[in-house]
Amino acid sequence: NCLALYCNTRMLKSAGVEPPTTWDELASAAQKLTSGDRYGLALSAIKTEEGVFQFLPFLWQAGGDLDTFSTYGATALTFLDELIAKGSLSEQCVGWTQQDVNTRFLDERAAMQINGPWQIPTLKKAAFDWNVVALPRDKEAATCLGGENWVAMANSKHVDKVWEVLEYTQRPSVLVPYLVSFGELPARKDLADRGSWASDPALRLFLSQLPLARPRQYGAHYAEASQAVAEAEQAVLTGSASPSAAARTAAGKIDKALAEQ
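Here is the structure:
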C-alpha cells in the first residue's frame, strides 16, 4: 500500500478549490476549507510508526532523506507547523492514528485527509462523495510504501509446510479476494488489472502511485531512527521546540542509528 490525499468533493467545490498538487496549493486549500470545527486537512502525527509513515513523504518531497534530516527534516516540520499555526490542521493530530484521521474525514470534520487504500471499504459507506489524488509535491513527488511480509522462521521444524502455505496464498484465486477485502494493493504487476483494481478509480490512483512509493529500507537500526523522527515531529507540533532545533536533535540520533549497520 501507499499514501494519497482524499478530498471531500462537495466541500472543495463549495470553496472553489481544486485538489492540490503542490505544497503551496495544499496549504492554500486547507486554509480555505477550514471552517468552524472543520479542519482543512487531517493526518496522523502520532508518536508511533503510523505517524512516521505519514511524515516521511513530506521529508522526501522536500528533497531530503534521513541522512539529511537536519536540513530537509526542518523544511518538512516547518510546513506542518505552519498548517497548525494557521488553524488548517488540528494540533490534536499528534495523538491521531490513521483510523482516527479517517473517522474525522467520514464525520466531515476534515475536508481532506492523508491516508491509505485500506480505508476505501469504509469510505464506500460515506454519506458524501469523495475522490483521491496523489500527495501534493514540493521539490519531488513521493509517497511511502507500506504493507506486510510473510515470514518463515529460520529455526522452524516445518519449513516445507511453510512453503506450501505461502505457495497457496499466492495463488491468484486466493490472493486477489484476500487483498481486495483488506483494501490492499497487489505486489504482483500481473494482478493489477484484475477485480476491483481494474475498475475502482480510487484503487487505480493508489496503484499509479506505487512507482513513487519509497520503502523504509534503512537497515537493522531503523527503529531508533524512526523514534527520533517521531520525537521531532511531536516536539514541533506541540510547540516545545522549533523545527530547526528539533531537526538538529533528531539528526544526531538518526545519524548514529544509520551508522550502526
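If you count by our numbering, then the sequence shown holds residues -16 to 244, one letter each, in order.
A virtual CB, placed ideally from N, CA and C, is assigned to each residue, including glycine.
| Item | Value |
| --- | --- |
| Residue interval of the beta strand (DSSP E) (run including LEU(-14)) | No beta strand (DSSP E) contains LEU(-14), which DSSP labels as neither H nor E. |
| Straight-line gap, LEU174 to SER18 (C-alpha atoms, nearest Å) | 42 angstroms |
| Residue from VAL0, PRO226, ALA233 and ARG231 whose Cα sits closest to the Cα of ALA68 | PRO226 |
| DSSP-derived helix/strand/coil call for ALA206 | helix |
| Buried or exposed (CB count within 10 angstroms, at least 16 for buried), TRP6 | buried |
| Beta-ladder partner(s) of CYS127, from DSSP | ARG197 |
| Neighbourhood of ALA185 by C-beta distance below 6 angstroms, restricted to the same chain and skipping five residues each side | ILE103 and VAL115 |
| Exposure of MET136, with buried meaning 16 or more beta-carbon neighbours within 10 Å | exposed |
| Environment of PRO194 [buried if 16+ CB atoms lie within 10 Å] | exposed |
| ALA213 and GLY56 closer than 8 angstroms at C-beta | no |
| Beta-carbon separation (whole angstroms), ALA117 vs PRO40, contact threshold 8 angstroms | ALA117 to PRO40, Cβ: 10 angstroms. No contact. |
| For VAL142 and TYR151, the rounded distance between their alpha carbons | 14 angstroms |
| C-alpha distance - ALA206 paired with LYS107, whole-angstrom precision | 34 angstroms |
| Cβ-Cβ distance between ARG171 and LEU128 below 8 angstroms | no |
| As assigned by DSSP and simplified to three states, the class of TRP113 | strand |
| Check whether ALA230 and LEU(-12) have beta carbons under 8 angstroms apart | no |
| Bounding residues of the beta strand (DSSP E) (the contiguous stretch that carries LEU24) | 22 to 25 |
| Sequence-distant residues of the same chain with beta carbon closer than 8 angstroms to TRP180, five excluded per side | VAL163, LEU168, PRO169, LEU174, LEU186, ARG187 and LEU190 |
| Residues bridged to ASP86 [DSSP beta-bridge criterion] | The amino acid at residue 86 is misidentified as Asp; the sequence shows Thr. The partner list for THR86 (beta bridge, DSSP) is empty, contrary to what the question assumes. |
| Cut-off 8 angstroms between Cβ atoms - residues of its own chain near GLU33, not counting five sequence neighbours on either side | SER27, THR80 and GLN81 |
| C-alpha gap between LEU16 and TYR22, whole angstroms | 7 angstroms |
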